[in-house]
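Positions 911 to 1114 (our numbering) are the ones given, in order, by the sequence shown.
Glycine included, C-beta positions come from ideal geometry on N, C-alpha and C.
All remarks here apply to the structure that follows.
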Amino acid sequence: MDPLKAALTTAGIGGVGLGTYGLYNYGASSNERKENIGTRLVDEKFELLNNSHTDHWQTSLNKYKEKRASESQSIDEAKLKSLCAGILSKDKNSEEDYKTARRYCVVPQNVSTRLSKLSFKVLNATGETHKTHWEKLATTYVTQGKGDKQIESLSLETADTQKTNWSQLRDKCKIVIDKDHWEDNFDSYLEKAKMWCIESSSHD
């Protein structure tokens, strides 16, 4: 059963508020914290949603409803907060619950923001600020940008007679780094961006 759907079954109308779970104070006493999905997400540089994130909660709620429009089980913001609290407290190695929490229970990050959180330097995808970097990456892309390393169906000419390979790669990277948190293939976009859209990319 879907983790959120299962949680909704047990949450009930009178679900406990987020604040009483103590799920948003992991940094206060790291020696005492229990390792769970919440701590895993924090360690991975995600910010857990809290009661001050009004807009993000509403967006998460809307996205959840869109994803499961055919389901009869109703959900409101209070229920979403309650079930997020429950999921965040589960064992950190529960992958399905982890994926659900990462989708609905954290502050959204697009690919560019995610890369920055992970300490990668994202190349400027407009203008010619990082032209030299793009040119080097484009040269490598000609031979290695194939199969699962291809970005947005981009193929570059070996000859590059028009000297546009670098800008074509830059423009495709602009599309990829702007992909948001809610994309089904977000992880794939993130990995492609690590290959072709940052400084000192490795293609081994």
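Three-way DSSP call (helix, strand, coil) for residue i in this model
| i | result |
| --- | --- |
| residue 1061 | coil |
| residue 985 | coil |
| residue 1066 | coil |
| residue 1032 | strand |
| residue 1017 | coil |
| residue 958 | strand |
| residue 927 | Low local confidence applies: a pLDDT of 40 at residue 927 is under 50, so the model's placement there is unreliable, with the coordinate-based value given in what follows. Coil. |
CB-CB length for residue i against residue j, believed under 8 Å
| i | j | result |
| --- | --- | --- |
| residue 888 | residue 1028 | Nothing can be reported for residue 888, as the shown portion of the chain is limited to 911 through 1114. |
| residue 1100 | residue 1013 | With 8 Å as the limit, residue 1100 and residue 1013 do not qualify as a contact, their Cβ atoms being about 14 Å apart. |
Residue i versus residue j - alpha carbon distance
| i | j | result |
| --- | --- | --- |
| residue 1102 | residue 972 | 28 Å |
| residue 1011 | residue 947 | 8 Å |
| residue 1098 | residue 1066 | 20 Å |
| residue 989 | residue 1075 | 50 Å |
| residue 1077 | residue 1056 | 18 Å |
| residue 1053 | residue 974 | 41 Å |
| residue 1091 | residue 959 | 14 Å |
| residue 1080 | residue 1009 | 30 Å |
| residue 949 | residue 1019 | 18 Å |
| residue 935 | residue 944 | A caution first: residue 935 carries a pLDDT of 45, below 50, which makes its placement in the model too unreliable to give a value. |
| residue 987 | residue 1089 | 25 Å |
| residue 1003 | residue 953 | 14 Å |
| residue 933 | residue 1026 | Here the model assigns residue 933 a pLDDT of 46, short of 50, so the residue's position is not dependable and the matter cannot be decided. |
| residue 1043 | residue 1105 | 13 Å |
| residue 1045 | residue 977 | 40 Å |
| residue 1007 | residue 1058 | 27 Å |
| residue 1005 | residue 955 | 17 Å |
| residue 861 | residue 1041 | It is not possible to answer for residue 861, since the shown part of the chain is limited to 911 through 1114. |
| residue 951 | residue 1001 | 12 Å |
| residue 1060 | residue 1095 | 14 Å |
| residue 965 | residue 996 | 21 Å |
Heavy atom of the ligand NAD within 6 Å of residue i beta-carbon
| i | result |
| --- | --- |
| residue 1042 | Although the ligand NAD was asked about, the structure shown includes no ligands whatsoever. |
Distance CB(residue i)-CB(residue j) smaller than 7 Å
| i | j | result |
| --- | --- | --- |
| residue 1017 | residue 957 | yes |
| residue 1082 | residue 1109 | no |
| residue 1107 | residue 1085 | no |
Any contact between the region 1036-1043 and the region 963-978? By contact I mean 3 or more CB pairs, one from each, below 8 Å.
no
For the region 1045-1053 against the region 1063-1080, do three or more pairs of beta-carbon atoms, one drawn from each stretch, fall closer than 8 Å, so that the two count as touching?
At 8 Å Cβ cutoff, the stretches touch.
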